[in-house]
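Comments concern the structure below.
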Amino acid sequence: MMPEVISRRKHFIINAVYITILIIIAGIIFLSARFIMPFWIALFLAAIMQPLTRFLGRKIHIKKKHLATLVWFFFYLIIGSMVVWIFMEVSYLLDEVFLNLPSYYDSTIKSALHSLGDFLKNMFSVIPAQFRPNLDMMQTAITSATQQFVSNISQKGMVLAGSFFSGIPSGFLSSLITILLSFFISTQYDEVISFIKCQLPEKARGSVSEIKQLITSSLYKYLKSTVILMFITMAELMIGFLVIGISNPIGLAVGIALFDALPVFGTGTIMIPWAVMELINGNYTLAAGVFVVYCIIDIMRNILEPKIIGTQFEMNPIVALITVYLGYQLFGIIGMVVLLITVYILLTFHRVGKIKLYNSLETLQTDNQENLEVTHGK
Numbered sequence: 000m001m002p003e004v005i006s007r008r009k010h011f012i013i014n015a016v017y018i019t020i021l022i023i024i025a026g027i028i029f030l031s032a033r034f035i036m037p038f039w040i041a042l043f044l045a046a047i048m049q050p051l052t053r054f055l056g057r058k059i060h061i062k063k064k065h066l067a068t069l070v071w072f073f074f075y076l077i078i079g080s081m082v083v084w085i086f087m088e089v090s091y092l093l094d095e096v097f098l099n100l101p102s103y104y105d106s107t108i109k110s111a112l113h114s115l116g117d118f119l120k121n122m123f124s125v126i127p128a129q130f131r132p133n134l135d136m137m138q139t140a141i142t143s144a145t146q147q148f149v150s151n152i153s154q155k156g157m158v159l160a161g162s163f164f165s166g167i168p169s170g171f172l173s174s175l176i177t178i179l180l181s182f183f184i185s186t187q188y189d190e191v192i193s194f195i196k197c198q199l200p201e202k203a204r205g206s207v208s209e210i211k212q213l214i215t216s217s218l219y220k221y222l223k224s225t226v227i228l229m230f231i232t233m234a235e236l237m238i239g240f241l242v243i244g245i246s247n248p249i250g251l252a253v254g255i256a257l258f259d260a261l262p263v264f265g266t267g268t269i270m271i272p273w274a275v276m277e278l279i280n281g282n283y284t285l286a287a288g289v290f291v292v293y294c295i296i297d298i299m300r301n302i303l304e305p306k307i308i309g310t311q312f313e314m315n316p317i318v319a320l321i322t323v324y325l326g327y328q329l330f331g332i333i334g335m336v337v338l339l340i341t342v343y344i345l346l347t348f349h350r351v352g353k354i355k356l357y358n359s360l361e362t363l364q365t366d367n368q369e370n371l372e373v374t375h376g377k
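Residue numbers (numbering that gives the first Met the number 0): 0 to 377.
Structure representation (structure tokens):
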């Protein structure tokens with residue numbers, strides 16, 4: 000059998016093994032997520048906190064169990080305080096919005112719609128008289144539809160709030176189990192990891208360790224990319240707010256940029272409703288300014304995000320853009336991150352020669368050179 004054929008089959012088998020391992024790991028996590036998600040979260044948190052625990056263990060000579068207790072106590076104290084503060088602020092804001100929305104409509108939006116209707120009437124005063132009643136009917140229909148929309152939003156908001164609060168007991172139980180599991184896993188981290196490795200085939204154990212290191216590295220790179228984009232967005236917002244004359248531009252820019260860094264949310268979640276409210280209130284110049292600032296930030300983000308992510312993950316911007324888009328379209332924000340990490344792992348294995356995903360330009364040039372040498376030899 001030709002050596003080239005053997006080499007190709009060997010590469011194919013190695014590629015199949017690595018890709019199969021990734022698919023199995025992703026499949027296990029996906030299928031078991033609903034039932035044992037607290038375990039996966041606790042294992043992930045324990046893996047993140049393990050370097051800190053080991054570092055403190057070398058500096059402070061106390062029992063591992065006591066050290067883990069202190070580390071997790073302060074960790075959950077900080078996280079818990081932040082969650083409670085955010086929960087209280089969001090609850091207060093939603094309560095104010097949904098309860099006062101109908102009265103706000105009567106006091107502000109309704110008069111603004113009438114003003115807008117008068118403005119449209121004056122603008123279309125050149126229209127023949129027989130068509131003007133249609134404008135009045137249109138204004139009445141818009142006013143009625145807006146009032147109904149506001150009423151529905153208020154009612155649905157209260158229903159959603161009720162559903163959210165009714166789900167708190169279940170969420171509290173899951174959180175409590177996650178906290179306890181993270182503590183117990185942290186005190187027995189090496190034993191837990193060794194047990195998991197023992198359940199895998201011998202050839203797969205080394206691959207799992209490499210994949211774990213790559214996942215940790217890729218999460219760090221993703222967070223770094225997010226922070227870089229957040230500071231760029233913050234700078235753009237500050238400049239934009241200064242140009243359009245917004246009061247407290249620094250505070251607003253910092254707040255919106257932090258909100259933009261959160262998964263699912265973005266600058267549009269705040270700035271589009273803001274522009275709409277200013278338009279309704281008759282502040283047309285400010286509404287246009289806010290909307291233009293949002294458009295500029297959105298365009299710049301779409302241009303810079305693939306470049307920054309590609310640089311951090313050592314990917315071509317085209318590959319990074321396709322990966323982010325496919326992951327988001329198929330599985331949402333979480334899918335975007337997971338697919339990005341998966342592609343990063345596969346490309347890393349390709350670079351170090353563990354698998355072969357594609358032929359590089361160097362390979363093509365080498366093949367062409369060999370063909371030329373063979374031709375000249377003949």
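Think of the CB as a built atom: it goes at the ideal place given N, C-alpha and C, for glycine as much as any other residue.
As the structure is a prediction and not an experimental result, all values here were calculated from the model.
If only uninterrupted alpha helix (DSSP H) runs of at least 4 residues are considered, those enclosed by the region 235-285 are 248-260, 266-279. V275 is positioned such that its CB atom lies no closer than 9 Å to that of V242. Residue range 188-197 is occupied by the alpha helix (DSSP H) that includes K196. Sequence-distant partners of K306 (beyond 5 residues in either direction) whose C-beta falls short of 7 Å from its own C-beta, in its chain, are P316.
The Cβ-Cβ distance between V337 and F330 falls below 9 Å. Under a 10 Å Cβ-count criterion, D189 is classified as exposed, with fewer than 16 other Cβ atoms of the shown protein chains found around its own Cβ. By the criterion of at least three beta-carbon pairs nearer than 8 Å, the region 249-263 is in contact with the region 217-237.
Ranked by how close their Cα comes to the Cα of C294, the residues G309, I269, K211 have I269 in first place. V289 and W273 do touch by the CB rule: their CB atoms are close to 5 Å apart, below 8 Å.
Secondary structure at L356: coil, using DSSP grouped into helix, strand and coil.
Taking K64 as the centre and dropping the five residues before and after it, the same chain places the C-beta of T186 closer than 7 Å to its C-beta, in chain order. The alpha carbon of T215 has as its nearest neighbour, out of R300, N301, I344, the alpha carbon of I344. Rounded to the nearest whole angstrom, the CA to CA distance from M87 to M81 is 10 Å. When secondary structure is reduced to three states using DSSP, N301 falls in the helix class. Scanning its chain for C-beta atoms nearer than 8 Å, with the 5 sequence neighbours on each side dropped, one finds around F182 the residues A67, T68, W71, in chain order. DSSP places H60 in the coil class of the three-state scheme, outside both helix and strand. Between the C-alpha atoms of I22 and V318 there is a straight-line separation of about 20 Å. Annotated as distal: S224 and F348, with beta-carbon spacing of 9 Å or more.
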